[in-house]
Each structure stands twice: as structure tokens, then as C-alpha cells.
Amino acid sequence: MLMALMNTNFQSIIIFLALSIVIGNSAPSGNLTQAEDSARAETCGKDHLNPTVTNSSQQWYGSIKHKDSNTVFPALMISSRHLLASTEVFKGYEKFYQILIDVECSIKMGSLPVPKELLNRLEVEVAGTPAPFILRAYAVLFCDVKERIKNGFMSYPMILEVNQEYEGSPPCLWIDPRIHLEPSLDIHDTVNGTFVHHKIVVNHTEKPTHNFGDFLTVNSIKGETGGAFVEVMNGRTILLGIGGSNSKTASNPKWFYSLNLLRDALCHLVGVCRFTTVIVPEVTTTTSPKPSTTFLKPEAKPTTIAATPQPIALPTSAPSTAPGDPDPLEIPRQKILITTPETWKSQQIPNPRPEIDDDEEYGEYLALKKDGRKREILELSMISLIFVILLF
């Protein structure tokens, strides 16, 4: 009898310890720390998508959908717990999408938190693994495409954080306004629930560089929204842009938001700050088919919202790079203005690399979650102690 009681007590202690370990080792959350961001940048780009498969959730290329819809959109992993997607996932199902259309802005870029009750209506999956729930999300607003948003041609990009720690190597994030076009670029997208891939051939001018600017337009081949616009350089997959065109829009060309345009929002909102500079090698001039892409950039400080960004001339000479420059490099960030559409009053970001999230509500959420874990551990301790006493 005594031996049975001892065995029971021992089992109770083991169960208590196991529960404590589970509670104390939840997935990380919040902005990436500097160490996490550095590790991401140093190991990025090693996973390459297989263009021959039809599965829309392979490696870093995931999917997102509204629970009331069968339409699947791309969700691109940019860190182990952060993804890029399109706000089009809300179109036709949530009033929030109309709010994004109606917001008036007077600056280049703003951000709007997605209401938490809407996050429960989204389903995210990466590499065949669903995320139990989405912790937070932000719509990133750009005044330069406001008219295209109102006319239904485009949707804003969205940054999400999930409570799932995904493994693998997300693509490197491109930052340099110069791009080496060799000799074609890849587009990965989801059309009617099927993963598709095709190459975009771009004509080489006298020098192998072009100015990517803030947006890229591509003539549609398979009716896609854009998805992931990537280049493979030195064996590493580099994400150049994310599609912004709406899937049910028949117009051409399709628009992409460049990562160069999104860099400030990514760093400020989720701590993804280290991007990649592509060092351009010397190559000989070649002749290629007529280009199917156009590089566009809006005016630096528009006073009014233009219907479309204005094109700029492509550079005619390659940028000078000192021999022996490392690849990739982290480029020093510039201070920017990011506002929320409730007031649209500019606020200077105090630190180009924030240590923590500036969202007070989310900070309170993390603090409450931490306190909740402590209370759970204390309650379990008390229950286990009472249980052991009763057994004796």
C-alpha cells in the first residue's frame, strides 16, 4: 500500500513538472530581437521553391484564407513567426476592407492594426503546418496607390505574426534600389488554389542594373495577383517584391510592392530590419527579348495622391562597388515617418532598430500573457501540493 502511494506521488510530481515545462516554453512572440534578426539574415535564402509542384504550402511559401471563403492567397514567411500577405483576403467578407479604401492620407506610408476579432477569421498555413492563431497583423498603407485601391485594382500588403515557430530558411529580403537582372526573374503565385510559377524575362541594357524603385509591374500570364517576386543570386533566394494586384481584376499589368518600399514598416512593426544588398558582378552586354516588366517610382514627396506612380529613367551605368565587398550587407537605415490613419500626424521613429514593439495594446497583451503563465504555474503548484497531501 505504501509503495502504491509513493508511486502515485511520484507520478503526480512528474505530471506537474511536465506541465510546468510546457507552459514555460511557449513559442517566442513579439518583435524579433537583434540576435534573432541577425540569425535570420545570416541563414536566409537557402530554401528554394520547387516550380513543378502544385502544392501552395511548401517551405516558406504559405497560404492564407478567410474562413468563409474558398479563395487562397499567398502568405510569405519573412521570419520564423512573421509573414507577408495581402489585405485582399478580407475583400467581400469584412467591413475592415472598406475602411482601408476610405482612409484618407497625406503622407507616403502609414500602418493600420487589423482588429483582433478579425484575426480569428483567418486561416494561415506554412509548409503544411497551420498556425493555431494569429497574434497581430498590420495593413501597410501607401498613398501613391490610393486611387488604384479605390478603383479595385489593388490591395494593401499586410504583415502578420503567428504563434507558430516555423523552421526552415525564409527568403532574403532585398533592399538595394539597384537590381541585377540575370537573365530572368521568378514569380510564384496561387491561382484557383494551385501553386503556379513562371519566369519574367527582362531586357539587358548596356549595363546589367536597373532601378527597381517602389513598384514593379508585370504583364500577367496566368491571371495571378502577384505572389512572390524573387531572384536567385549566388544560390540564395531573394524576395524582391510581393504582389499587390487583386485576383479578380482582369487588367494588366500586375503590380508588386517592392521590399525596398516595405523595409521601414517591417523594421518598425515586427523587428525585421536586416536586408540584403546584391553585389552586381561585371557581365557582358547581351540581347534579350522585349522586356515584360516596367520599373516605376512615384514622386518622392507627392502633394496630391496620383492615380499611378510616375515612371523614372533606368540608369545607364552600373553602380561602383569596391572589390571584396561582403555579400550580403546590412545597409544603414534612415529615419522615416510612420503614422496611423486615426490622426495621420507624423511621428518620428526614435530608434531605427526598435528593441520592442511600440504598440501599447500589444505590449499589454504580452505582459498579461506573461502574468497569466505565472498564475497558471502557481495554481498547478498548489493543486499538486494539495493532491500530494491528500494522498498521504
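Under mature numbering (1 follows the signal peptide of the UniProt record, and there is no 0), residues -26 to -1, 1 to 366 are what the sequence shown spells out, in order.
Glycine included, each C-beta is placed from N, C-alpha and C at the ideal position.
Check your understanding: With a cut-off of 8 Å, do at least 3 Cβ pairs link the region 41 to 61 to the region 122 to 142?
Key -> The answer is yes - the region 122 to 142 touches the region 41 to 61, with three or more Cβ pairs under 8 Å.
Check your understanding: For proline 300, which of helix, strand or coil comes out of DSSP?
Key -> For proline 300, the pLDDT reaches just 34, beneath the cut-off of 50, and the residue's location in the model is therefore unreliable, leaving the point undetermined.
Check your understanding: Got a sec? Which residues, its chain only, sit under 7 Å from serine 53 by beta carbon, not counting five neighbours each side?
Key -> Residues of the same chain with a CB within less than 7 Å of the CB of serine 53, apart from the 5 flanking positions on each side, are Leu6, Arg14, Pro144, Val246 in chain order.
Check your understanding: What's the gap between the Cα of lysine 228 and the Cα of histidine 171?
Key -> The straight-line gap from Cα to Cα measures roughly 15 Å.
Practice item. Following the continuous alpha helix (DSSP H) through arginine 210, name the residue where it begins and the one where it ends. Key: Bounds of any alpha helix (DSSP H) do not take in arginine 210; it lies within the beta strand (DSSP E) bounded by 210 to 217.
Check your understanding: Within 10 angstroms of its Cβ, does threonine 61 collect 16 or more other Cβ (buried), or is it exposed?
Key -> It is buried - the Cβ of threonine 61 has at least 16 other Cβ atoms within 10 Å.
Practice item. Just tell me which of Val63, Ser221, Tyr35 has its CA closest to the CA of lysine 41. Key: For the options Val63, Ser221, Tyr35, the alpha carbon positioned closest to that of lysine 41 is the one of Val63.
Practice item. Note down the Cα distance separating tryptophan 148 from phenylalanine 70, rounded to an integer number of angstroms. Key: If I take the Cα positions, the gap works out to 30 Å.
Point to revise | Own chain residues within Cβ distance below 8 Å of lysine 124, not counting five before or after | key: Cβ within range, chain order: Ile75.
Check your understanding: In three-state DSSP terms, what is lysine 228?
Key -> DSSP places lysine 228 in strand when its eight states are reduced to three.
Exercise for review: Report buried or exposed for valine 192, applying the criterion of at least 16 other Cβ atoms within 10 angstroms of its Cβ.
Suggested key: So valine 192 ends up on the buried side.
Point to revise | N-terminal and C-terminal residue of the alpha helix (DSSP H) that serine 143 is part of | key: No alpha helix (DSSP H) holds serine 143; DSSP gives it neither H nor E.
Exercise for review: Rounded to whole angstroms, what's the CA-CA distance from lysine 20 to glycine 209? Just pull it up for me.
Suggested key: In this model, lysine 20 and glycine 209 are separated by some 7 Å (Cα to Cα).
Check your understanding: For glutamine 32, which beta-bridge partners are listed by DSSP?
Key -> Answer by DSSP bridge pairing, in chain order: Tyr35.
**Study point:** Whether glutamate 97 touches lysine 39 by CB criterion (7 Å)
**Key:** Yes, the Cβ-Cβ distance between glutamate 97 and lysine 39 is below 7 Å.
Review point. In or out: glutamine 321 buried (at least 16 other Cβ within 10 Å) or exposed?
Key: Confidence at glutamine 321 is low in this model, with a pLDDT of 31, below 50, so the placement of that residue should be treated as unreliable; the coordinate-derived value is given next. Note on glutamine 321: under 16 other CB atoms within 10 angstroms of its CB, so exposed under the neighbour-count rule.
Check your understanding: Does DSSP classify serine 12 as helix, strand or coil?
Key -> Three-state result, serine 12: helix.
Point to revise | isoleucine 133 - partner residues in DSSP beta bridges | key: DSSP output for isoleucine 133 lists Leu58, Tyr112 as bridge partner(s).
Check your understanding: Pick from Pro48, Gly218, Ser12: whose alpha carbon is nearest that of phenylalanine 169?
Key -> For the residues Pro48, Gly218, Ser12, the minimum Cα distance to phenylalanine 169 belongs to Pro48.
Check your understanding: Smallest Cα separation from leucine 92: which of Gly142, Glu10, Leu50, Tyr67?
Key -> When only C-alpha atoms are compared, the closest one is Tyr67.
Exercise for review: Could you name the residues of the same chain whose beta carbon sits closer than 6 Å to that of methionine 83, not counting the 5 residues immediately before and after it, in chain order?
Suggested key: Excluding the 5 residues flanking it on each side, methionine 83 has same chain C-beta neighbours closer than 6 Å at Phe116, in chain order.
Check your understanding: Residues in its own chain within less than 6 Å of proline 87 by CB, not counting five upstream and five downstream?
Key -> Excluding sequence neighbours, proline 87 sits near Tyr112.
Practice item. Return the bridge partner residues of histidine 171 from the DSSP annotation. Key: DSSP lists His162 as the beta-bridge partner residues of histidine 171.
Practice item. Could you spell out the range, first to last residue, of the beta strand (DSSP E) harbouring leucine 86? Key: Residue range 83 to 87 is occupied by the beta strand (DSSP E) that includes leucine 86.
Check your understanding: Based on the DSSP secondary-structure assignment, which residues constitute the bridge partners of valine 206?
Key -> Paired residue(s): Thr211.
Review point. From which residue to which residue does the alpha helix (DSSP H) around phenylalanine 47 run?
Key: Phenylalanine 47: not part of any alpha helix (DSSP H); member of the beta strand (DSSP E) spanning 47 to 51, first to last residue.
**Study point:** Rounded C-alpha distance that separates leucine 159 from asparagine 137
**Key:** A straight-line Cα-Cα distance of about 32 Å links leucine 159 and asparagine 137.
Practice item. Tell me whether glutamine 72 is buried or exposed, calling it buried when 16 or more other Cβ atoms sit within 10 Å of its Cβ. Key: By the 10 Å Cβ count, glutamine 72 comes out exposed.
Check your understanding: When the Cα atoms are used, what is the spatial distance from isoleucine 216 to glutamate 10?
Key -> Spanning the two alpha carbons is a distance of roughly 23 Å.
Review point. According to the Cβ coordinates, are cysteine 146 and cysteine 241 closer than 7 Å?
Key: Contact: no.
Check your understanding: Among Lys65, Gly36, Glu139, which has the Cα closest to the Cα of glycine 126?
Key -> For glycine 126, the nearest C-alpha among the options comes from Lys65.
Exercise for review: List the endpoints of the continuous alpha helix (DSSP H) containing valine 244.
Suggested key: Its alpha helix (DSSP H) spans residues 233 to 244.
Practice item. Evaluate valine 27 with the Cβ neighbour count: other Cβ atoms within 10 Å of its Cβ, from every protein chain shown; 16 or more gives buried, anything less gives exposed. Key: Counting Cβ neighbours within 10 Å, valine 27 comes out exposed, since fewer than 16 surround it.
Practice item. Could you name the residues of the same chain whose beta carbon sits closer than 7 Å to that of asparagine 24, not counting the 5 residues immediately before and after it, in chain order? Key: Taking C-beta separations shorter than 7 Å and ignoring five residues to either side along the sequence, the partners of asparagine 24 in its chain run Gln32, following chain order.
Exercise for review: Please determine, among Ile212, Leu190, Glu205, Val204, the residue with the shortest C-alpha to C-alpha distance to leucine 235.
Suggested key: Residue Leu190 is the option with its Cα nearest to leucine 235.
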